[in-house]
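Okay, structure first, notes after.
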Amino acid sequence: MPSQWLTWMKHENFRKILLLVLSGISLLVSLADSGTMRIDAAWVAIVLCGIPILKDAAVGLYTRFDIKADLLVSLALIASVIIGEIFAAGEVAFIMQIGSFLEESTVARAQAGIEKLIRLTPRIARRLIGGNEEMVPAEAVEVGDTLRVLPGETIPVDGLILHGESSIDQSVVTGESMPVEKQPGDEVFSGTVNRFGAFDMRATRRDSDSAIQRMVRLVQSADAGKARIVGLADRWATWIVVIALLAAAGVWCVTGEIIRAVTILVVFCPCALVLATPTAIMAAIGNATRHRVLIREGDALERLADVKRVVLDKTGTLTCGTPKVVALYSMLEALTEQELYRLAAAAELRSEHPLGKAVVNSCREAHPELTIPQPDSFELFPGRGVAAVVEGRSLLAGKPELLERAGIEIPAAARRQAEQRTAEGATVIHLAMDGTFCGFVVLADVLRDNAAEVIAGIRALDIRPALLTGDNRNAARHIAETSGIDEIHADCLPEEKLAIIDRFQQAGEPVCMIGDGINDAPALKKAYVGIAMGGIGSDIAVEAADIALVDDDIRQLPYLLRLARRTMTTIRLNLTFSMVLNFVAILLAGMGILNPVAGALVHNAGSVAVVLNSALLLSWKGGSGRKL
């Protein structure tokens, strides 16, 4: 137990919570004490909570002449102790530290996302020297080295394929849901996954300049360039301190009563002002949590309220993120679409290719009553398709080249239909049976059911939507037109997404970026506010974002934008109330109507009022999104 206690004490958050608990208990004891204790228990709160405030104020003032709310709080603490109001001093310090802890508790650690990116970088490469393979660290690979990549392995560095064909999962770089077929002469990227055939490649970049490493640097630079919002209390602290000191000095000079001057410092303590922002944000976070929205950055809602443009990724954000069968075309009268579906699924049953699996899964979902027969034989042709014998029938399923090599002619009408679907961003699998072309299956990453409604909701808030994707322009255009987006940026690499967002923000349009993939991480970091799909999205994207949609429910976006604006309205109301209350209290204190004890009660009442007003956000129902 002692060792466990020591382990806990090493954690800063645990130490802060412990100090707050002890300080709270001491204030309760002080409040209940009838004068029997020789030393006021509130001194515990002054020491534990007040000394750090005094230290920070002194250091900031001496080293940087940085006037923050801590300075005025320090003056209030000292003034309260001077006039013997020990409980008031402890209470002021306690409230201030609670406000500080609330702010700090909502700040995410972006470094974790960067570390995960770094861990994606392959550490081992299979280098060929004189026909022999040797395993070397990825950082030892030089430009011009020949490497071999086997099925299932991660590509260690950027390069060009020399020999072999394969399908590469490039989602880590481009975000595309579909694997990309590669052949000799094609470029491959570090961190992407070789799905099928083995191939030899020539390294064109070293490990330090690979695609993954460049993405790490993009995330780091984007994070460094995003300024954090300064708390309202600190933002206005200089003026508050000057006014408080001038008011106290003026009253002392006019009346000659030090007690009135001290009372002014006590009532001017910005407890309510300090609590105005964190309490509202924490209440809004509680509301968002009920809608399955995780807000990771404390100031994310402040920034979200100022957003003028929402930029959405395509794959996994506006779409479901996985290919599904969306259409079937039978070219034989005797072959129904359902039978075509069954045969295509049977041909792909043993395939490990994502498209083959998608055909099988879609068939099972659409026709659970169907029994998909096991193929008698199966052969994979990497990059082209599959061949199988099913129930005595010879089947070919794949690209047109696969059928053409077998001497099977594809009718012109079928070609035109297939080309039309391809132009819409879909993938077409051609099917032949016993040497005759019999039809094709169309797969696509389908739009989410509520995408168009979400875009309309965003427009209703006078916010401009835009589509930003690494996928091809045809697929992007089809999705944009269907969802109601008229601005498209397609074929974007991570650095290009970063540049586009920066251009928007330089033009005075704060951007909210919504994405799900690793390739979106730099853009999520660069954007004024980043929102990640928390369910299907990568851990790295979630770490880079300020907000995560836990269930990938984009219906929550309009609600979230309205919640941000409502939160800022609450913060402004809190701020206005606290400032009016303080100035009225100053006036009354200067007139001698308020004594120090009454002044302490006034600013305590102001703090309670601010907390209660913020708490209303917990039950706010301004959104139409789904709740738990």
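Under the numbering used here, read the sequence shown as residues 4 to 631, first letter to last.
Cβ coordinates follow ideal geometry from the N, Cα and C atoms, glycine included.
Just so it is clear, the structure is predicted and the values come from calculations on it, not from any experiment.
Determine the contact status of residue i and residue j, defining contact as a CB-CB distance below 9 Å.
i, j, result
"I432", "G388", "yes"
"T282", "V76", "no"
"G593", "A250", "yes"
"S486", "L450", "yes"
"C495", "I503", "yes"
"D161", "E142", "no"
"T325", "I557", "no"
"S26", "L278", "no"
"L80", "L51", "no"
"V24", "G53", "no"
For the beta strand (DSSP E) holding residue i, just list the boundary residues, first then last.
i, result
"I171", "S169 to D172"
"M582", "Run containing M582: none in the beta strand (DSSP E); it sits in the alpha helix (DSSP H), Q559 to G593."
"A479", "Segment R476 to S486 is the alpha helix (DSSP H) holding A479; no beta strand (DSSP E) there."
"V389", "G388 to V393"
"L297", "V296 to I298"
With DSSP as the reference, please indicate the residues paired to residue i in a beta bridge.
i, result
"T157", "V196"
"I504", "I504 pairs with nothing; no bridge assigned."
"E3", "Examination of residue 3 is not possible in this model, given that the chain is present from 4 through 631 alone."
"F97", "Answer is none; F97 lacks a bridge partner."
"I205", "For the sequence presented, residue 205 should be read as Arg rather than Ile. DSSP lists T149 and L163 as partners of R205."
"K185", "S169"
"H492", "L471"
"G632", "The requested residue 632 does not occur in the structure, where the chain is confined to residues 4 to 631."
"D549", "Looking at the DSSP assignment, D549 forms no beta bridge with any residue, so it has no partner."
"I432", "V444"
"F90", "In DSSP, F90 forms no bridge with anything."
Going along the chain, which residues of its own chain have a beta-carbon closer than 8 Å to the beta-carbon of residue i, five neighbours each way excluded?
i, result
"L619", "A286 and T573"
"S173", "Contrary to the premise, residue 173 reads as Gln rather than Ser in this sequence. Taken in chain order, the residues that qualify are E179, P182, V183, F192 and T195."
"E136", "R129, R130 and R151"
"G625", "Y562, R565, L566 and R569"
"N290", "L566, L620, L621, S622 and W623"
Can you grab the Cα-Cα spacing for the pair residue i / residue j, in whole Å?
i, j, result
"E382", "A390", "5 Å"
"S636", "R293", "The displayed coordinates of the chain run from 4 to 631. Any statement about residue 636 would go beyond what the structure contains."
"A588", "E305", "29 Å"
"N522", "T322", "16 Å"
"R126", "M138", "10 Å"
"G228", "A252", "Residue confidence is low: G228 scores 42 on pLDDT, short of 50, so the model does not pin down where it sits. Its coordinate-derived value is still stated next. Cα to Cα, G228 sits roughly 42 Å from A252."
"A535", "K528", "11 Å"
"R112", "A45", "Unreliable positioning characterises R112 in this predicted model, as indicated by a pLDDT of 39, which lies under 50. The coordinate reading is nonetheless provided below. When rounded, the distance between both Cα atoms is 34 Å."
"D549", "D465", "22 Å"
"I85", "I298", "42 Å"
"N585", "A547", "40 Å"
"L78", "V245", "12 Å"
"L165", "E156", "17 Å"
"F202", "L343", "34 Å"
"V32", "N453", "55 Å"
"G518", "R462", "19 Å"
"P376", "S170", "26 Å"
"A608", "K317", "50 Å"
"D309", "L74", "30 Å"
"H481", "M582", "53 Å"
"R424", "D210", "39 Å"
How far does the alpha helix (DSSP H) with residue i in it extend, from its first residue to its last?
i, result
"V328", "No alpha helix (DSSP H) holds V328; the beta strand (DSSP E) holding it covers T322 to S333."
"R408", "P403 to R408"
"V363", "P357 to A369"
"E456", "A454 to A463"
"V310", "No alpha helix (DSSP H) holds V310; DSSP gives it neither H nor E."
Here's a check: name, in chain order, each residue in its chain whose Cβ is nearer than 7 Å to the Cβ of residue i, leaving out the five neighbours to either side.
i, result
"E418", "With the sequence shown as reference, residue 418 is identified as Arg, and Glu is not the correct amino acid for it. Nothing listed; no residue qualifies."
"S617", "T282, A283, A286, T573 and N577"
"G147", "R205 and A206"
"A493", "T472, D474, N475, R476 and A479"
"R353", "P378 and F381"
"I413", "P403, L406, H433 and F440"
"G133", "none"
"S507", "Just to set this straight, residue 507 is Phe in the shown sequence, not Ser. If we look at F507 and ignore the five residues flanking it on each side, its Cβ neighbours are R312 and V514."
Could you name the residues of the same chain whose beta carbon sits closer than 6 Å to that of residue i, not counting the 5 residues immediately before and after it, in chain order?
i, result
"R295", "V553 and D554"
"E490", "A469"
"E340", "L331 and S333"
"L560", "V457"
"A478", "G428"
"E168", "Q186, G200, P385 and G386"
"A612", "none"
"G93", "L30, A45, A48 and I49"
"A1", "With the chain running from 4 to 631 in the structure shown, residue 1 is simply not present."
"E394", "P376"
Looking at residue i and the ligand MG, is the gap between the Cβ and the nearest heavy atom below 8 Å?
i, result
"A141", "Questions concerning the ligand MG fall outside what the structure shown contains, since it holds no ligand whatsoever."
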